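Residue numbers (our numbering), protein chains in the order written: chain A, 21 to 650; chain B, 3 to 177; chain C, 233 to 334.
Below: one structure, written as C-alpha cells.
Given below as C-alpha cells:
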C-alpha cells in the first residue's frame, strides 16, 4: 500500500495538466469533475496509506520512495524521492482531505465565473506543489514545492485579473514572500556547502556531528531558514501580504491562506528541527516572533470590518501560536495545532464565503447582520468553528491543541513565562474578536437581504469540517482528562518529545482552568459590548484616542507604511532616476557616434559630378605628394 | 626645329585656354580644333607623322564634328550664352586654380629631378607602327574594335528619339 | 638643333592636362565638361607620343591610337547621354542632375 505514495502528488499534477491543456475546451462540469476527482482520489489514497502506515509502520517510522535520479552535477545528485513519516503523513492528510472539501465547495462557489477551468487548474497545481513540499525527501524538492505554492498563490490571488487591485495584491504577496525565499535559498546554499548534501535524512544525521551547539554556522543557517519560514507563513516582519491576499476568491483564501501554504513555514522548522536545536538562540527567536505576531495580529483583527480580513489576521495570529509552540520545543503540539487549525480555519473561511455569496458579494460585516435566521446550517457550523478558534473548553478541538501549547510554554523544557503570558493574552484577544465577528455578522437586524441560498455542495464540506474540528481534538487528551496521547505519540517517533518535568497534574489543571476562564471572560466581555451595548463601543471607537488606536491597528500597526517608506520609495526613486538608463548610454553612444559620422559623410555625397571630380583631384594630389615627397 | 615646337606649344596652350573660357559653345569648339591642329604639328615635329595625320583626321575631323552636330541639335541659342555667363563666375576659378597649380608644380618637380633626356629627330615609320599594332598589340586592336562596336550600339540606343504614347491629358511638351 | 628635350613635351602635356582638368571643374555646362575631358585625353596622348619618340619605338604611337579609339567611343556615348539628360531635365546644368545625393 505504501508504494502508492507517488500517486498522491501525481494525481493533482495530472489534473493540472489536463485542465491546462484542454480546460478551455471542456464544458464547465467536466473541468470541475477533473479538478475535484483528482483531489478526491488523492485524499482517498492518502487515507489508505495512512491506515497502512499506522497499522504496520515501516522501520524507523520512515518510508522513502525513490522515483528516479533528478540530475548529477559536480557531486550534487538529488533524486525525485518521497519521504513518508508521521509529520508528512499528517500534512498530506490535511492537504488532500481539506483540499478535496474545498475543491468540492468551489464547484458551486465559482460557478458561472469566467475562467472556471483555469481556477481548478491552478488549485490542482497548488495541491500538487504543496504535496511535493511536504513529501520531498531532499531540500531541493522542498524548495520546488515552496516556489510552486508561491506561484500558485500569486496566480490565485490575482485570479480576477481584470481588476488591477487584485494584481497589486498578488504582486505584493509574491514579492514579500520572495524576500523570505531568498533567505531560505542562501540557507540551502550554506547547508550544501557545509554538509555536502541536501537530503533531509542525511542532514538530520550529520548536522549534530559536524556542528557544535550554538556555533555560528547552525545559527546562520537556522536564521536564514527562519527568514524563509517567516515569509511564507506571514509572521513578523513579513506579515503584510496576507491581509491583502484576501483579494482572491474565498476558496483560495481557505485553502492557501488558512490551511496549507501558510503552514509551510511551520513544516520547514519542524523538519529542520535538528538545525534549530543546534541554534537555541534562533529557536528562542522563533518563539518570540510567534508571540509578537500573535499579539499584533490579534489587535489588528479587533478593528477590521471586512470579514475576510478578520479571518486573515486571525490566521496570522494562530500561526504565531504554532511558531510559539515550536519555539518552546513543543514540536508535536505545534503540528497538532496546525491540524486542528486547518480544520476550523477552512471551515470559517468557507462559511464566510457562503455568507458573502448569499448577500451578493457583501464583505463588510457591518452591512451584514441577522444571518443566523437566513442561513442556519452556515450559522451553526460557523459557531462550531469559532468555538474551536477561541478554544472553548472541553468540547472543541481548538481547546486541546491550544491548551497543549500553553502548557508547554509554561512548564516545558524550554519554557518561558513571557511567552506563556503572551499566549494567554492572545487567547483573550482571540475570544474578543471572534465573538465580535460572530455577533456583528449573525445577530442583530439584517442590513442586506438574502440573495441566494447554498446547496448541498457547499454545505457538506462545512458540516464535515465542523465535525472534524470538534472531534479531531479528542485524539490528544491531556493528563487531567484521561491522558490520551495518540497524536503526540505518533509524532514523537520522529520529532523530539518535550518532557514537562516538575509539572504535575495539578499545574496542568490550574493552567487549564486559567485558560478556560480567560476565554469565557473574553467571550462574555465581547458579548456585553457588541451585543448588548454597541453604543458604548461606538463612542469609544470614535473618541480621539480610540480613533487613533483603531486606525493604527486597522492598518496592521503601520508595517505597510514603514515598508513603503523604507524600501518601496527608494527603489522607485532609483528606477525613476535611471529612466534614461545610463548604463545603456555606453551602447547608445556608439550608435550615436555612427550616426554623427554618417551625417558628416553623407554631406560629401552631393550628387554633383563636379564635386566628385574635385574629390578625385584632391585624392590625386595627396597620393602624389605622399609618393613623391615621402 | 625646336623653335617650331615651342611656337606650336604656345599656340596649343593659348587656344586651350580659350576653349575653357568661352561662353559660346561653337566658339569653344573652333578653338578646340585649333588646339588639336597645333598638337598635330607637335606630333610631326616629334617624328610621329602617322599619328599627326590621325590626330587631324579622327580627332579634329570626326570627334569635333560630332560635337558640332550635337550642339546644333541642342539648339543652344543666346539664352544659353546668358546662362553660361551666370554660371561662370570669377570666384569659381579659385579652387580649381589652386589645386591645379599644386598639381603642375608636383609634375614639374618630378620631371626635373631626373636627368634630362633628349628626343632625336629620327622619327618612327608608319610601317613600324602597323607591324607593332598587328603583332604584339593585336589583342588591344581587337578590344578597341569591340569598344567601338559597343560605342556605336550604345550611342544609337541612347540617342533614339522616343515618341512616348501618353493619354492626351498627360501630354507633355516634347523637346 | 634637331633635338627637343622630352621634358618639354611632357611639361606641355601636363599643362594641357591641367587646363582640361580646370575646365572640368569650373564649367557647369555638360557639353563644356565633355569638351574639357577631350582636352585631357588629347594631352595624355601627347605624353605618350613624346615618350615613344624618346625611345624611338612605335609603342607610344600604338597607345595613342588606342586612346583615340577610346575617346571616339566615349564621346559618342557621352553625347547621346547628354541628349537624354537634356530631354529629361530641360537644362544642360551638370548640378541639376543631383538625384544621387545622399
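Backbone N, C-alpha and C fix where the C-beta goes; we use that ideal spot for every residue, glycine too.
On a predicted model such as this, the values are computed, not experimentally measured, just so you know.
DSSP state of residue i mapped onto helix, strand, coil
i                      : result
residue 96 of chain A  : strand
residue 504 of chain A : strand
residue 233 of chain C : Here residue 233 of chain C scores only 43 on pLDDT, less than 50, and its place in the model is too uncertain to base an answer on.
residue 331 of chain C : coil
residue 323 of chain C : coil
residue 259 of chain C : coil
residue 201 of chain A : helix
residue 238 of chain C : helix
Pair within 7 Å by beta-carbon distance, residue i and residue j
i                      : j                      : result
residue 247 of chain C : residue 277 of chain C : no
residue 432 of chain A : residue 362 of chain A : no
residue 489 of chain A : residue 367 of chain A : yes
residue 103 of chain A : residue 23 of chain A  : no
residue 266 of chain C : residue 160 of chain B : no
residue 101 of chain B : residue 633 of chain A : no
residue 421 of chain A : residue 356 of chain A : yes
residue 100 of chain A : residue 109 of chain A : no
residue 333 of chain C : residue 627 of chain A : yes
residue 153 of chain A : residue 172 of chain A : no
residue 272 of chain A : residue 457 of chain A : no
residue 327 of chain A : residue 418 of chain A : no
residue 452 of chain A : residue 535 of chain A : no
Residue i: CB within 6 Å of a non-hydrogen atom of the ligand ADP
i                      : result
residue 631 of chain A : The ligand ADP is absent from the structure shown, which contains no ligands of any kind.
Residue-level contact to chain A via CB, residue i, 7 Å cutoff
i                      : result
residue 245 of chain C : no
residue 256 of chain C : yes
residue 100 of chain B : no
residue 108 of chain B : yes
residue 330 of chain C : yes
Residue span of the beta strand (DSSP E) that contains residue i, given as start and end
i                     : result
residue 87 of chain A : 83-89
When the options are compared against residue i, the one with the closest alpha-carbon
i                      : options                       : result
residue 386 of chain A : A/341, A/213 and A/550        : A/550
residue 50 of chain B  : B/30, B/99 and B/131          : B/131
residue 73 of chain B  : B/139, B/21, B/31 and B/53    : B/31
residue 548 of chain A : A/116, A/455, A/496 and A/524 : A/455
residue 348 of chain A : A/314, A/396, A/391 and A/297 : A/297
residue 481 of chain A : A/188, A/275 and A/251        : A/275
residue 526 of chain A : A/606, A/498, A/541 and A/129 : A/498
residue 256 of chain C : C/296, C/242, C/308 and C/273 : C/273
residue 506 of chain A : A/352, A/624 and A/450        : A/352
residue 198 of chain A : A/160, A/250, A/646 and A/176 : A/250
residue 303 of chain A : A/624, A/439, A/93 and A/451  : A/439
residue 177 of chain A : A/132, A/540 and A/262        : A/262
residue 195 of chain A : A/248, A/284, A/228 and A/219 : A/248
residue 436 of chain A : A/308, A/508 and A/559        : A/308
residue 81 of chain A  : A/602, A/169, A/515 and A/592 : A/515
residue 624 of chain A : A/635, A/60 and A/500         : A/635
residue 115 of chain A : A/98, A/149 and A/84          : A/149
residue 269 of chain C : B/34, B/155 and B/42          : B/34
Cutoff 7 Å: residue i Cβ touching any chain B Cβ
i                      : result
residue 238 of chain C : yes
residue 233 of chain C : Its pLDDT being 43, under 50, residue 233 of chain C is placed unreliably by the model, and nothing is read from it.
residue 44 of chain A  : no
residue 276 of chain C : no
residue 650 of chain A : no
residue 605 of chain A : no
residue 647 of chain A : no
residue 312 of chain C : yes
First and last residue of the uninterrupted alpha helix (DSSP H) at residue i
i                      : result
residue 288 of chain C : Run containing residue 288 of chain C: none; DSSP gives neither H nor E here.
residue 238 of chain A : 236-252
residue 108 of chain B : 96-114
residue 261 of chain A : 261-264
residue 29 of chain A  : 27-42
residue 175 of chain A : 159-177
residue 351 of chain A : 351-378
residue 73 of chain B  : 66-76
residue 422 of chain A : 417-431
residue 34 of chain B  : 27-47
Min CB distance residue i to chain C below 7 Å
i                      : result
residue 118 of chain B : yes
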